[in-house]
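Heads up: the protein sequence lines correspond to chains A and B, in order.
Be aware that the first sequence starts at 273, since it is given in this note's numbering, and climbs by one per residue.
Be aware that the second sequence starts at 9, since it is given in this note's numbering, and climbs by one per residue.
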Amino acid sequence: MIEKDALKSLDEKKKNWEKKAEKLRQVKSRPRFITVSGEEVKELYTPEDLKNFDYNEKLGLPGEFPYTRGIHHTMYRSRLWTMRQFSGMGTPRQTNERYHYLLNHGQTGLSVAFDLPTLMGFDSDHVRSLGEVGKCGVAVDTLADMEIIFDGINLGEVSTSMTINAPASILLAMYLAVAEKQGIPFAKLRGTLQNDILKEYIAQKEWIFPPRPSIRLITDMMSFCTDHVPQWNTISISGYHIREAGSTAAQELAFTLADGFAYIEAAIADGQDVDKFATRLSFFFNAHQDFFEEIAKYRAARRIYARRMRDKYKAKDERNWLLRFHTQTAGCSLTAQQPENNIVRTALEALSAVLGGTQSLHTNSMDETMALPSDKAALIALRTQHVIACETGVVNTIDPLAGSYFVESMTDKMEADAEKYLDEIDRRGGVLKCIDEGYFQREIARAAYRYQQEIERGERIIVGINDYLVEDEVITIPILKIDETVEREQVASLRKIKSGRDNDKVKRTLDDLAMAAKGNGNTLKAMLDCVRVYATEGEIVDTLRPIFGEYIEPPII
Amino acid sequence: MSEKIRVLLAKPGLDGHDRGIKVIAAAFRDAGFEVIYTGLRQTPENIVNAAIQEDVDAVGVSILSGAHMTLFPAILNLLKEKKADQIILFGGGIIPDEDVAALEKSGVDKLFTPGATTEETVKYLREAVAKRKRDEKII
Chain A
273 MIEKDALKSL DEKKKNWEKK AEKLRQVKSR PRFITVSGEE VKELYTPEDL KNFDYNEKLG
333 LPGEFPYTRG IHHTMYRSRL WTMRQFSGMG TPRQTNERYH YLLNHGQTGL SVAFDLPTLM
393 GFDSDHVRSL GEVGKCGVAV DTLADMEIIF DGINLGEVST SMTINAPASI LLAMYLAVAE
453 KQGIPFAKLR GTLQNDILKE YIAQKEWIFP PRPSIRLITD MMSFCTDHVP QWNTISISGY
513 HIREAGSTAA QELAFTLADG FAYIEAAIAD GQDVDKFATR LSFFFNAHQD FFEEIAKYRA
573 ARRIYARRMR DKYKAKDERN WLLRFHTQTA GCSLTAQQPE NNIVRTALEA LSAVLGGTQS
633 LHTNSMDETM ALPSDKAALI ALRTQHVIAC ETGVVNTIDP LAGSYFVESM TDKMEADAEK
693 YLDEIDRRGG VLKCIDEGYF QREIARAAYR YQQEIERGER IIVGINDYLV EDEVITIPIL
753 KIDETVEREQ VASLRKIKSG RDNDKVKRTL DDLAMAAKGN GNTLKAMLDC VRVYATEGEI
813 VDTLRPIFGE YIEPPII
Chain B
9 MSEKIRVLLA KPGLDGHDRG IKVIAAAFRD AGFEVIYTGL RQTPENIVNA AIQEDVDAVG
69 VSILSGAHMT LFPAILNLLK EKKADQIILF GGGIIPDEDV AALEKSGVDK LFTPGATTEE
129 TVKYLREAVA KRKRDEKII
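Structure (structure tokens):
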């Protein structure tokens, strides 16, 4: 990257500089200089750090292999990232109102948050759902709820992301059935399912079935979508939750990529053609607080993925070498103390995602350590993206930090650290084996504890937590409350649906689903028939549970 | 000589956010407590039965889903029903101030919210258990 003579002259200058720096170094503004992930950062990066740096091999041009600089030739100059705020709460009707509000205020894609009973496959009237209905997202029991959520929204014109994993096929089936009713052909539907069950066992812990049958549900869906819903992104392979659970940046990167490669290998083993399904895979990363570390993470992710897709999985279509990703700012970085400061944290995190070349972005609201976002907080979060896009100038040029001695060194280190983890996972027998043995869970728990200790020792300052406190602070921002009537209303509407539907048809379609699940039938296709006649999510899960079994995690601390 | 504090850590309800409870478990262990962790998705019945069987001094419960006003009272009632309310119930999670006040009034000994340190929780549990043991002797 730099001429030999120049390096030599730098070396001489550095000796002189070192003498002066030596004295000043005795004074330290911080006890240690580490990233959020606990990595030591050097005082200074120079051309010496990039001595053997080969531009073409490491970076290339945007839109071209290895995509370090971004996956599109023109990046944000042609098209901004999709501003996709994740939301959903209470009843389907309340959620529908929030969606109209966000779409009217310039949001460009929808993202559905479901409540915990829906995520876990329990109907709203199940005993395990007590107290949880509509709390963390919207409650969905039957197709009728999905019809209300998307009431007045043309599914042919909007792209929808759904954060659902264990019962993802069921919710996709409901979405497809809503499209049918609107008269929209499946081929026109655009959107993403999270559908990443592996990270559930690793970090988020919302599972139903054991890993192996869960993977079968996913490969069934991938094959159905390749044939019928070609624009649908079938899995959003997620590092977000791994990071929120306390992992380091390198762990987030490596464990997520390992999950992605596991799905690819499963689909190839199922007889599917990598060039047909891989286009529909995308990733989902966290934007944590260490600005440069995060940017390095996104850049390294693209490079590792491109190399593996081309060289290991032999994808021929260049589009399958691209790592496309959504980003959400770090919920775990927000504080309940002085919550307005969260606006600033979120803005900086979002900026790192944009400088890292994200395809879509969710910015958290300032009140999310306390409740689901109020209208006001949600609007500020969305406006944060508008400010970055329109006012800061960062969209004017592609990958503006490329060539920075620090950022390139960090990108290389991130790649090397992730590769080390990927080797370790292989050595241990692959992702499923590592889940069985609790390897990921232990690595993450350790990192989370170390981080907490760094805060408590004062090596890490968190504004409002261990420094810059406000005594007797009174929180003045509005806090959204989901009241208990939501649960009663939802249970009542579920009962009404159940008493009004054709129960013989429901039973027949559920029996057909059981047959498909026991044999080799496509489970998503069978589920579509179930939801069309208003079978509930819980009934579908209950049909599969005796066939697939249930997952129980060994408690690991 | 004081006996080792025995504490059961539990996650009821449906939420799977176990980062906090695992950090607390590690900190309690480092502080020399005996820690039993139930794992995820325990019913209030499971938690109370485990607490009685394990003969613990305290039960720590983590809830981040918003279901705290249902789950804490359920655990409290079961402890009373089974005449095990000498066991201290404390917890943590995303719990609004007014709910914290209501729950602490109704018998939850202490609730921690985001930003609390492991040092505070360790100190709290030591003192709470010591106080409870003193009270028992007086009776």
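Backbone N, C-alpha and C fix where the C-beta goes; we use that ideal spot for every residue, glycine too.
Remember, it's a predicted structure, so these values are computed and weren't measured experimentally.
So, for residue i: in the same chain, excluding its five sequence neighbours on each side, which residues have a beta-carbon less than 6 Å away from its beta-carbon?
i: Asp65 (chain B); result: Ile13, Arg14, Val137
i: Tyr577 (chain A); result: Leu595
i: Leu415 (chain A); result: Met446, Ala449, Val803, Tyr806
i: Asn614 (chain A); result: Leu606, Met638
i: Ile697 (chain A); result: Ala530, Cys706
i: Gly362 (chain A); result: Gly406, Ile754, Val758
i: Cys408 (chain A); result: Asp387, Leu388
i: Thr635 (chain A); result: Thr601, Thr618, Ala622, Ala653, Thr656, Gln657
i: Ala475 (chain A); result: His513, Ile514, Ala517
i: Lys460 (chain A); result: Gly428
i: Phe41 (chain B); result: Ile13, Val15
Check whether chain D comes within 8 Å of residue i, counting only Cβ atoms and requiring the distance to be less than that.
i: Pro122 (chain B); result: Among the protein chains of the structure shown, namely A and B, there is no chain D.
Which residues mark the beginning and the end of the beta strand (DSSP E) in which residue i is found?
i: Met347 (chain A); result: Unbroken run through Met347 (chain A): none, as it is neither H nor E.
i: Phe597 (chain A); result: 597-601
Near residue i, which residues of its chain fall below 7 Å by C-beta distance, leaving aside the five closest residues on each side in sequence?
i: Met347 (chain A); result: Pro334, Gly629, Ile670
i: Ser624 (chain A); result: Ala559, Phe563, Glu566, Ile567
i: Met787 (chain A); result: Gly793
i: Tyr132 (chain B); result: Lys118
i: Val679 (chain A); result: Phe564, Ile567, Ala568, Leu673
i: Ile855 (chain A); result: Here chain A has residues from 273 to 829 only, and residue 855 (chain A) is not among them.
So what does residue i bridge to, in DSSP terms?
i: Met355 (chain A); result: A:Leu633
i: Met434 (chain A); result: A:Val384, A:Leu465
i: Asn558 (chain A); result: A:Gln600
i: Val15 (chain B); result: B:Val43, B:Ala66
i: Glu312 (chain A); result: A:Ile306
i: Lys118 (chain B); result: B:Phe98
i: Pro20 (chain B); result: B:Gln50
i: Pro739 (chain A); result: According to the sequence provided, residue 739 (chain A) is Asp. The question's Pro does not apply to it. A:Val735, per the DSSP bridge assignment.
i: Val835 (chain A); result: No answer is possible for residue 835 (chain A): the residues shown for chain A start at 273 and end at 829.
Closer than 8 Å by C-beta to residue i: which residues in its own chain qualify, once you throw out the five before and the five after it? Chain order, please.
i: Gly810 (chain A); result: Gly393, Phe394, Asp395, His398, Asp413
i: Met9 (chain B); result: No answer about Met9 (chain B) holds up, because its pLDDT of 40 lies below 50 and its placement is not dependable.
i: Arg400 (chain A); result: Pro389, Met392, Phe394
i: Asn668 (chain A); result: Arg349
i: Leu841 (chain A); result: Nothing about residue 841 (chain A) can be read from this structure; chain A reaches only from 273 to 829.
i: Glu822 (chain A); result: Ile480, Phe481, Pro482
i: Gln561 (chain A); result: Val308, Ala602, Ser605, Arg617, Leu620, Glu621
i: Gly543 (chain A); result: none
i: Gly736 (chain A); result: Thr607, Gln609, Gln610, Asn613, Val742
i: Ile343 (chain A); result: Pro334, Gly335, Arg574, Leu594, Leu595, Arg596, Gly629, Gln631
With a cut-off of 8 Å on the beta carbons, I'd call residue i and residue j a contact; round off their distance for me.
i: Ala34 (chain B); j: Tyr721 (chain A); result: 5 Å
i: Asp468 (chain A); j: Ser508 (chain A); result: 6 Å
i: Arg574 (chain A); j: Thr354 (chain A); result: With 8 Å as the limit, Arg574 (chain A) and Thr354 (chain A) do not qualify as a contact, their Cβ atoms being about 18 Å apart.
i: Arg552 (chain A); j: Cys497 (chain A); result: 6 Å
i: Arg714 (chain A); j: Ile828 (chain A); result: 6 Å
i: Thr528 (chain A); j: Ser510 (chain A); result: 7 Å
i: Ile83 (chain B); j: Val69 (chain B); result: 7 Å
What is the residue span of the alpha helix (DSSP H) that residue i lies within?
i: Val813 (chain A); result: 809-820
i: Val626 (chain A); result: 613-627
i: Phe325 (chain A); result: Unbroken run through Phe325 (chain A): none, as it is neither H nor E.
i: Leu644 (chain A); result: That residue, Leu644 (chain A), is in no alpha helix (DSSP H); it is neither H nor E in DSSP.
i: Asn288 (chain A); result: 276-296
i: Asn376 (chain A); result: 364-376
i: Tyr317 (chain A); result: Where Tyr317 (chain A) is concerned, there is no enclosing alpha helix (DSSP H), given that its DSSP letter is neither H nor E.
i: Arg142 (chain B); result: 126-146
i: Lys705 (chain A); result: 703-709
i: Ala416 (chain A); result: 415-421
4-residue-minimum alpha helix (DSSP H) runs that sit fully inside the stretch 761-796 of chain A, ordered along the chain
775-790
Please go through the stretch 656-696 of chain A and give each complete alpha helix (DSSP H) segment of 4 or more residues, from N-terminal end onward.
none
Report the start-end ranges of each alpha helix (DSSP H) in the stretch 33-97 of chain B that is 4 residues or longer and not cut off at the edges.
52-61, 76-89
Can you check the stretch 434-521 of chain A for any alpha helix (DSSP H) of at least 4 residues that lies completely inside it and give the ranges in chain order?
440-454, 483-500, 512-516
Considering only residues of the stretch 528-586 of chain A, which uninterrupted alpha helix (DSSP H) runs meet the minimum length of 4 residues and lie entirely inside it, listed in chain order?
546-549, 563-579
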